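Residue numbers (the working numbering): 73 to 338.
Even for Gly, the Cβ is constructed at its ideal location relative to N, Cα and C.
This one's a predicted model, so the numbers in the text were calculated from it and none came from an experiment.
Encoded as structure tokens, the structure appears first; notes follow it.
As structure tokens, then:
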């Protein structure tokens with residue numbers, strides 16, 4: 073009889089503690105959800121704010137508007153101007169003061185250099201690039217054959233970058249540093265930046281390529297004074313890798329991430 077009572081007692085204790093354990097676990101899980109829910113809500117709000125910034129940059133823009141974010145037209149014309157100025161100096165001893173040109177350091181505080189150009193032309197002193205104004209006036213007699221030989225060694229290795237480009241890129245990089253952005257979105261935006269960099273490289277290579285036709289197109293000062301950049305700009309437009317498809321993919325990802333369409337239907 074005592075053995076039976078002991079068994080009942082032990083069984084009751086086991087059931088009791090089992091119930092207590094289950095209740096404790098359920099209470100903990102409910103409390104955990106209760107505690108974490110406000111945190112998750114705040115994180116969601118912050119994430120929503122960052123995603124809204126991404127949509128503002130990439131959503132609903134035309135190809136022209138996306139290019140204007142980076143001032144690509146200005147980049148082309150600024151650097152075309154620099155290449156024409158280099159030609160005028162080498163062929164006709166026409167020296168323009170860089171401070172008064174559109175590629176001056178106030179308008180274009182940043183430059184990108186090709187590896188070959190940097191190795192051959194850059195001299196670093198006290199962490200500053202050499203000043204363009206230090207280039208001496210070319211006083212040799214005008215011998216077009218000599219000038220042509222010099223010009224055909226010309227390499228357009230310094231790409232002048234307007235401050236508008238630098239400012240926009242900085243804002244985008246600041247956004248990418250936010251840990252709340254999903255990794256896949258960060259990767260997509262970086263792909264967009266890579267596409268932008270490819271177009272910058274294209275501009276530099278295009279100007280270097282077309283520089284070799286300058287002496288045929290503009291053999292005299294008078295011809296050069298009547299020149300335009302249109303013939304190069306046409307090729308720039310043809311070779312430019314479009315930004316909109318990648319921008320649309322980024323915007324689509326943000327909408328899919330938050331299931332915007334489902335929320336609107338609800």
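In terms of CA proximity to residue 170, 232 leads the group 191, 187, 232, 135. Between residue 271 and residue 163, the C-beta gap is not smaller than 8 Å, which leaves the two residues out of contact.
Assigned with DSSP and collapsed to three states, residue 166 falls in coil, not helix or strand. Non-local C-beta neighbours of residue 122 in its own chain, meaning closer than 8 Å and more than five positions away in sequence, comprise 247, 250, 252, 253, ordered along the chain. Annotated as distal: residue 315 and residue 154, with beta-carbon spacing of 8 Å or more.
Of the other Cβ atoms in all chains shown, 16 or more fall within 10 Å of the Cβ of residue 141; this residue is therefore buried. Around the CB of residue 255, fewer than 16 other CB atoms lie within 10 Å, so the residue is classed as exposed. Rounded to whole angstroms, the separation of the alpha carbons of residue 275 and residue 313 is 11 Å.
Note that the stretch 171-190 touches the stretch 228-243; at least 3 beta-carbon pairs, one per stretch, sit closer than 8 Å.
Taking a contact as a CB-CB distance under 8 Å, the pair residue 173 and residue 157 counts as one, their CB atoms being some 7 Å apart.
For residue 263, same chain residues with a beta-carbon under 8 Å away, outside a window of 5 residues either side, are 318 in chain order.
Remark: C-beta atoms of residue 175 and residue 283 do not approach each other more closely than 8 Å. The beta-bridge partner set that DSSP reports for residue 183 consists of 232. Between the alpha carbons of residue 167 and residue 125 lies a distance of about 45 Å. Take residue 300, set aside five residues on each side of it, and no residue of its chain has a beta-carbon closer than 8 Å to its own. Judged by DSSP in its simplified three-state form, residue 224 adopts coil rather than helix or strand. One Cα belongs to residue 304, the other to residue 215, and the distance between them is close to 27 Å.
Counting along the chain, the unbroken alpha helix (DSSP H) around residue 263 starts and ends at 255-283. Judged by beta-carbon spacing, residue 260 lies beyond the 8 Å limit of residue 329, meaning their Cβ atoms are not closer than that value.
For residue 135, same chain residues with a beta-carbon under 8 Å away, outside a window of 5 residues either side, are 314, 315, 316 in chain order. For residue 297, the enclosing alpha helix (DSSP H) begins and ends at 293-297.
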